[in-house]
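Notes to accompany the following structure.
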Ligand code: 5AD
Ligand code: SF4
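In our numbering, the protein residues as written are -7 to 429.
Shown next as structure tokens:
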């Protein structure tokens, strides 16, 4: 979502005459869009600010004018004016639900350093819609349809930094999707912190769920692939599960985080689901779409996690068999209930468990990729590879597929198109294909 947000932030600034540069040395303004989910991500902000301080010093020594710095995103939301105190070179601190006001805050900078932490999602999306310029879209595009979360898992900062659930109206989403397709997008990923809790205002003035929205999006000419992320098991409704068997454009890949395989820990995490419910959903999904590739997020070392709890996670993974999966050591976050729990797990234990879990997940990913060899599948080509004639695309299951075309010209021509390929080789993180006869 930060990728999507960063593009929108750039859009809002264009109206004030800014253009993008990838050279911070030349920038009049640097915006750091930040993540607060784990401590490591949050701490990166301060090392980046230190790096920018050096650039600023060199510039003022050379009398080349100032570079302003704005910190956006969830670290900005969480720290607010505390960040101004910790980092003297920050001009504006702006949370993820207020960034439409960035141009205005920069103009106000002369009256002092600025902090904005408002939650105004309605206002934000209305402003952003007006600011979106006509520019080409890559073949794969993101579209935020929902933000915030009401679930309050005890490890997670999202409900505090992104705020309460908000869903954009169906009409707005359809309009943005049409615009993306007109500009070249063919594969659209719908985004939301809790995307399957989507309940936007529908066309008949009642709330529409994610399934209804997907059916409407699939009707749009040019929408060839649809995906959505991230979902919560509790919001995996029967009509959404059925949609996986019915909507051809809905890709056979689903990121459905479970976090832990232990019922005891799931309860401590306030996940509002247990193993049995998760397995039940997976079974139903696979009945609807037998080739569905599954992905998840896992946390090891949540407070109180015993060896047995961890084994429960391992055997959940063995039973589900993931195509790919993200896994993390629990990171206590200030202000969340988990950080206050007394039975924190030793760092060394977390490290050992994470290594074992990742071994298993890597094996599963390797096996999933290997099962693709010999199969034909459509690949949507997105970018050129490192070698001449090479082009890289995405399979229906989200894998990167490398294909070497007959000529460099053919590789260039393939960009933005979908072609049937035969998978000839698999690796841990990608597939190799060749053009099907
Ligand atoms: N520590 C470790 N991982 C976390 N996540 C969220 N909060 C934490 C935390 N405090 C993980 C969850 C979530 C993903 C986006 O990040 O697995 O699904
Ligand atoms: Fe965080 Fe997801 Fe839980 Fe919401 S559902 S609190 S975003 S982990």
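Note that the Cβ used here is the ideal one computed from N, Cα and C, for glycine as well. As the structure is a prediction and not an experimental result, all values here were calculated from the model.
- Task: Return the bridge partner residues of residue 417 from the DSSP annotation.
- Result: 424
For residue 320, is the beta carbon positioned less than 7 Å from some heavy atom of ligand 1?
yes
If you run the structure through DSSP and keep just helix, strand and coil, what is residue 117? helix
Practice task
Collect the residues with a C-beta less than 6 Å away from any heavy atom of ligand 2 and give them in sequence order along the chain.
Solution key: 141, 143, 144, 145, 148, 150, 151, 185, 186, 224
Any beta strand (DSSP E) of 3 or more consecutive residues that is wholly inside the region 250 to 311 = 285 to 292
Local conformation of residue 107 per DSSP, three classes: strand
Original post:
At what residue ranges does the region 338 to 388 contain a whole run of the alpha helix (DSSP H), taking only runs of 4 or more?
Top reply: 339 to 363
*asked:* At 4 residues or longer, what runs of the alpha helix (DSSP H) sit wholly inside the region 168 to 230?
replied: 202 to 210
Given 7 Å as the limit, tell me if residue 96 has its C-beta closer than that to any heavy atom belonging to ligand 1.
no
Name the two residues that bound the continuous alpha helix (DSSP H) containing residue 153.
150 to 153
Q) Is any heavy atom in ligand 1 found nearer than 7 Å to the beta carbon of residue 291? A) yes
Discussion item. If you measure between the beta carbons of residue 389 and residue 244, is that distance less than 8 Å?
Written reply: yes
Run the proximity test for residue 273: is its beta-carbon closer than 7 Å to any non-hydrogen atom belonging to ligand 1?
no
### Query
Do you know whose CA, among 176, 258, 202, lies nearest residue 233's CA?
202
inquiry  = Given 7 Å as the limit, tell me if residue 257 has its C-beta closer than that to any heavy atom belonging to ligand 1.
reply    = no
Self-check item: Endpoints, the beta strand (DSSP E) within which residue 143 is located
Solution: Element bounds for residue 143: n/a, residue is neither H nor E.
Suppose contacts are defined by Cβ-Cβ distances below 8 Å. Is residue 394 in contact with residue 408 by that definition? no
Exercise. Is it right to say residue 423 is buried, meaning 16 or more other beta carbons lie within 10 angstroms of its own, or is it exposed?
Worked result: buried
| query | DSSP three-state call for residue 518: helix, strand or coil? | reply | In the structure displayed, the chain extends from -7 to 429; residue 518 sits before or after that span and is not available.
Check: In the DSSP assignment, what residue or residues form a beta bridge with residue 60?
Finding: 21
With a threshold of 16 other CB atoms inside 10 Å of the CB of residue 240, please say whether the residue is buried or exposed.
exposed
query: Cα separation between residue 214 and residue 183?
result: 19 Å
As a quick exercise: from 231, 163, 68, pick the residue whose alpha carbon is nearest that of residue 38. 68
Exercise for the section: Give the range of the alpha helix (DSSP H) segment to which residue -4 is assigned. Expected result: -6 to 6
| Taking 7 Å as the cut-off, does the CB of residue 249 come closer than this to any heavy atom belonging to ligand 1? | yes
(Q) Using 8 Å as the threshold, is the C-beta distance between residue 154 and residue 27 below it? (A) no
* Asked: With a CB to CB cut of under 8 Å and the five nearest residues on each side skipped, what residues in its chain are close to residue 158?
  -> 113, 114, 138, 139, 140
**Message:** On the DSSP bridge list, what partners appear for residue 242?
**Reply:** 218
field: Cutoff 8 Å: residue 63 Cβ touching any chain D Cβ
entry: Protein chains in the displayed structure number just one, and chain D is not present.
### Message
Taking 7 Å as the cut-off, is the beta-carbon of residue 323 closer than that to any non-hydrogen atom of ligand 1?
### Response
yes
Should residue 29 be counted as a contact of ligand 1 given a C-beta to heavy atom distance under 7 Å?
yes
| task | Reducing DSSP to helix, strand and coil, say where residue 330 ends up. | result | helix
Check your understanding: Where does residue 237 sit, in a helix, a strand or coil, going by DSSP?
Key -> helix
Check your understanding: Helix or strand or just coil, what does DSSP make of residue 42?
Key -> helix
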